[in-house]
Amino acid sequence: MKVAIIGAGIAGLACADRLKANGVEPVLFDKGKRPGGRLSTLQLDDLAWDFGCQLVRAESPAFAAQVAAWTEAGLLAPWTEGPDGALVGVPGMNALVAAQCAQHDVRFGALVQRIESDGLSWFLSGPDLCEGPFAALVIAIPSEQAAPLLSLHDLDMAREAAAARSRPCWTAMVAFDQPLDGVPAYLQDRGAIAWAARNNSKPGRGAAECWVIQASAEWSQQHLELDRDEVAERLLGLFAAECGTALPEATFLKAHRWRFALAFGQRGSTVWNPRLRLGACGDWCIGPQVEGGWLSGVELADQVIAALSLQSAEREMSSAK
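Per numbering that gives the first Met the number 0, the sequence shown starts with residue 0, numbered consecutively.
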């Protein structure tokens, strides 16, 4: 029995893990070219930047157990120079999703534009894409992208997705030709700069002086449509002002725009229609960051498993009559 999952981020992969552990075959479709999403890492020779999610923390017992398993597998390690209790992916934040993707059938470069149901099964289509049938469908992408797909099949779920929101984040990646002496490994909540971190202070990275600078949601929104080269220069200038000293020469500078970076307004649960066997999960459902996305994927997987089990039992009863 196959279940389609649109989105191969933490939520989609957590759902896939749970489904596979219960005998259901997940097939994931992701428009990206490689594992990463908001856990992306850019690697250029000896330079590296975690330019999305910066770290992982666990509060719930369920996620703490998963974090312990990732740590034991060597995919997570403590960031001793970072915030208290911070763990990071090794050798990059994308290691978490890359390792999970290797365990599943994941189709990258697969943009799903249309979902259809014949009442029994689901079918997906897009550019050079026509897949199905699937016994159930999970949508594990940002709420702004999930709502249009849901709207043609369940208006209530579409409204739930539309009610959640995501704040943007402009991120700059910078490499310097020498270390920034006297600057701590990370800066946080410094006005227009929400976060800046020396990527090479994290375990498993190289020695090259690489910094990630992330703008606040307010600054990012105000400059959302600005050219990325200009954004990179502005963020570098703001960072220099915070450091209070002249910076060494930047040997690399690039900006990336996350339109849907920080989810807020979570409803506290996933959205699921057992009759249609259609649902959605993500950090916009339960809580922000990696933990919220992971918990939502597990929760939705359990709902899918229950619905498929009931469907199977009903079919057996019908056949026995």
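Even glycine gets a Cβ: it sits at the ideal position worked out from N, Cα and C.
Predicted model, so just to flag it, every value in this text is computed and none were measured.
**Request:** Enumerate in chain order the residues of its own chain whose CB-to-CB distance from residue 163 is below 8 Å, with the five nearest sequence positions on each side excluded.
**Result:** 142, 262, 263, 264, 265, 266, 283 and 284
**For residue 305, the nearest candidate out of 243, 153 and 271 (CA to CA)** = 271
**Prompt:** Taking the alpha-carbon positions, what's the residue 250 to residue 172 distance?
**Reply:** 11 Å
**Request:** Would you please state the rounded distance, in angstroms, between the beta carbons of residue 231 and residue 253? I believe it to be under 8 Å.
**Result:** 6 Å
**Request:** Could you have a look at residue 166 and say whether DSSP puts it in helix, strand or coil?
**Result:** strand
**Message:** Using C-beta distances below 7 Å, list every residue in its chain close to residue 176, excluding the 5 sequence neighbours before and after it, in chain order.
**Reply:** 247, 248 and 250
**Message:** Between 166, 96 and 102, which has its C-alpha nearest residue 38's C-alpha?
**Reply:** 96
**Request:** Please report how far the alpha carbon of residue 182 lies from the alpha carbon of residue 300, in whole angstroms.
**Result:** 44 Å
**Nonlocal neighbours in the same chain, by C-beta distance under 6 Å from residue 94, ignoring five residues either side** = 74 and 88
**Message:** If you follow the beta strand (DSSP E) that residue 44 is in, where does it begin and where does it stop?
**Reply:** Per DSSP, residue 44 belongs to no beta strand (DSSP E) and is neither H nor E.
**Message:** Spatial neighbours of residue 191 within its chain, please: C-beta separation below 7 Å, excluding the five flanking residues on both sides.
**Reply:** 214, 215, 218 and 237
**Request:** To the nearest angstrom, report how far apart residue 40 and residue 212 are at their CA atoms.
**Result:** 14 Å
**Request:** Have a look at residue 29 and residue 112 and give me their C-alpha separation to the nearest angstrom.
**Result:** 12 Å
**Request:** My understanding is that residue 126 touches residue 148, with C-beta atoms under 8 Å, so please give their C-beta distance in whole angstroms.
**Result:** Contact flag wrong, Cβ pair sits at about 15 Å.
**Item:** Assigned secondary structure, residue 259 (DSSP; H/G/I helix, E/B strand, else coil)
**Value:** strand
**Asked** Rounded C-beta distance between residue 133 and residue 3? I'm assuming under 8 Å.
**Response** 4 Å
**Asked** Between which two residues does the alpha helix (DSSP H) carrying residue 218 extend?
**Response** 216-221
**Asked** Roughly how many whole angstroms lie between the Cα atoms of residue 244 and residue 166?
**Response** 31 Å
**Item:** Beta-carbon proximity of residue 321 to residue 205, cut-off 8 Å
**Value:** In the structure as shown, the chain begins at 0 and stops at 320. Residue 321 is therefore absent and cannot be evaluated.
**Asked** Quick one: Cα of residue 220 to Cα of residue 186, how far?
**Response** 21 Å
**Message:** Cutting at 6 Å between CB atoms, please list the residues of its own chain near residue 194, excluding the five before and the five after it.
**Reply:** 187 and 213
**Message:** How far does the alpha helix (DSSP H) with residue 11 in it extend, from its first residue to its last?
**Reply:** 9-20
**Request:** Go through its chain and collect everything with a Cβ distance to residue 156's Cβ below 7 Å, but skip five positions before and after it.
**Result:** 149, 270, 272 and 279
**Request:** Specify the secondary structure class of residue 2 as computed by DSSP and reduced to three states.
**Result:** strand
**Request:** Please name the residue, chosen from 226, 203 and 207, that lies closest to residue 43 on a Cα-to-Cα basis.
**Result:** 207
**Prompt:** Which whole-angstrom value is the C-beta distance of residue 140 and residue 281, which I expect to be below 8 Å?
**Reply:** 7 Å
**Prompt:** Under the rule that 16 or more other beta-carbon atoms within 10 Å means buried, what is residue 129, buried or exposed?
**Reply:** exposed
**Message:** Going by C-alpha to C-alpha distance, which of 69, 45, 24 and 23 sits closest to residue 293?
**Reply:** 69
**Message:** Quick check: residue 131 and residue 121, are their CB atoms within less than 8 Å of each other?
**Reply:** yes
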